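Counting from 1, position 242 in the sequence shown corresponds to residue 228 in the numbering used here; the numbering is continuous, with no gaps.
Don't be surprised by glycine CBs; every beta carbon is placed ideally from N, CA and C.
These figures come from a predicted structure and were not determined experimentally.
Down below is the structure, laid out as structure tokens.
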Amino acid sequence: MPELPEVETVRRGLNQLTLNQEITGGDVLLDRTIAYPFSVGEFVNGIEKNAIAAWHRRGKYLLAELSSSSGWLGVHLRMTGQLLWLDRDEPLHKHTRVRLFFGDRQELRFVDQRTFGKIWWVPPGVAVESIMTGLAKLAADPFSPEFTVEYLASKLQNRRRPIKTALLDQSVVAGLGNIYADEALFKSGILPETLCIDLQLKQIELLRTAIIQVLETSIEAGGTTFSNFLNVKGTNGNYGGVAWVYNRAGEPCRVCGTSIQRIRLAGRSSHFCSQCQTLRGVMRRD
């Protein structure tokens, strides 16, 4: 599933390619992709003849601000969603679900193999959170001023759950997922099974720094492609080639050479180095 760096990579690409161009129409090939409104015709009528003023990101959600106060276009890629900026004559991929048409025969296609992705049109004058209800449950974004050590400590301390599981909770950290939770725990030296209640403030400070660092590094690399992720031009992300631990079970640790281990926590894979990650978590890696 695309996480914060992948969604941010898409947002930046969309802001480079799609702004201030009128949406001349659309074609919905899979009706259930449109989460709101419930009428596909109403969705297309709501967005056409409007331009996109800016793309924003909140957690893993993309939000396009439409011109002339015409509401919002929301997108969640979920597991396999892709937004691709293509020439309209480009042959349709069999998993194409929605097409948005622009001038010069360009279009924005939503391709989604697993069909879990969703698109919303939020009419003007309606609170976005009242339609895209998942937004109201999001925690602070790691790049926001609210994401302080004190904030993260308030979310973690006194909770008897593994730290890895907590980091996947979008009400704890918005946008973080399996890949970058593993990476941040490695960089902060914390084992994934460590209970939140056992973390000291210094460890939480290291963890906060590590979260921001791994997200910034991945964004610079264009995100991670292990299966389906592509940016808006159809290019893979490159972070996977330099990952510290994620998807590297059995391979040597890049720091100490110990074999990376993989365990299951709450049904999800967790990768770690048993030598570099300890409960004390006092090692900082640049």
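Residue j beta carbon less than 8 Å from that of residue i
{"i": "residue 125", "j": "residue 141", "result": "yes"}
{"i": "residue 36", "j": "residue 54", "result": "yes"}
{"i": "residue 263", "j": "residue 244", "result": "no"}
{"i": "residue 278", "j": "residue 208", "result": "A question about residue 278 goes unanswered here, because the residues of the chain that appear run from -13 up to 272."}
{"i": "residue 231", "j": "residue 259", "result": "yes"}
{"i": "residue 48", "j": "residue 60", "result": "yes"}
{"i": "residue 86", "j": "residue 93", "result": "yes"}
{"i": "residue 66", "j": "residue 222", "result": "no"}
{"i": "residue 250", "j": "residue 257", "result": "no"}
{"i": "residue 89", "j": "residue 2", "result": "no"}
{"i": "residue 337", "j": "residue -10", "result": "Residue 337 cannot be examined here, being either before or after the span of the chain that is shown, -13 to 272."}
{"i": "residue 205", "j": "residue -6", "result": "yes"}
{"i": "residue 273", "j": "residue 91", "result": "As shown, the chain starts at -13 and ends at 272. That puts residue 273 outside it, with no answer to give."}
Host beta strand (DSSP E) of residue i (start-end)
{"i": "residue 49", "result": "47 to 52"}
{"i": "residue 68", "result": "67 to 73"}
{"i": "residue 116", "result": "Taken as a continuous stretch (DSSP letters only), residue 116 belongs to no beta strand (DSSP E), being part of the alpha helix (DSSP H) at 114 to 117."}
{"i": "residue 105", "result": "104 to 108"}
{"i": "residue 59", "result": "58 to 62"}
{"i": "residue 94", "result": "92 to 98"}
{"i": "residue 17", "result": "Where residue 17 is concerned, there is no enclosing beta strand (DSSP E), given that its DSSP letter is neither H nor E."}
{"i": "residue 146", "result": "First-last for residue 146: undefined, no H or E at that position."}
{"i": "residue 247", "result": "247 to 251"}
{"i": "residue 86", "result": "82 to 87"}
Closest by C-alpha distance to residue i, when choosing among the options
{"i": "residue 189", "options": "143, 5, 27", "result": "143"}
{"i": "residue 158", "options": "134, 59, 179", "result": "134"}
{"i": "residue 128", "options": "15, 173, 200", "result": "200"}
{"i": "residue 34", "options": "13, 226, 101", "result": "13"}
{"i": "residue 17", "options": "203, 84, 248", "result": "84"}
{"i": "residue 101", "options": "78, 109, 82", "result": "82"}
{"i": "residue 218", "options": "236, 185, 96, 249", "result": "96"}
{"i": "residue 29", "options": "104, 246, 156, 39", "result": "104"}
{"i": "residue 193", "options": "57, 172, 226", "result": "172"}
{"i": "residue 57", "options": "65, 68, 66, 39", "result": "39"}
{"i": "residue 156", "options": "251, 46, 111", "result": "46"}
{"i": "residue -3", "options": "41, 8, 22", "result": "41"}
{"i": "residue 254", "options": "164, -10, 183", "result": "164"}
{"i": "residue 198", "options": "23, 215, 169", "result": "169"}
{"i": "residue 62", "options": "20, 220, 71", "result": "20"}
{"i": "residue 183", "options": "241, 191, 139, 130", "result": "139"}
Endpoints, the alpha helix (DSSP H) within which residue i is located
{"i": "residue 2", "result": "-10 to 3"}
{"i": "residue 173", "result": "164 to 174"}
{"i": "residue 32", "result": "26 to 33"}
{"i": "residue 152", "result": "149 to 153"}
{"i": "residue 140", "result": "135 to 142"}
Inside the segment 188 to 240 only - alpha helix (DSSP H) runs reaching at least 4 residues: none
Segment contact, 8 Å Cβ cut-off, at least three pairs: the segment 149 to 157 with the segment 166 to 184: yes
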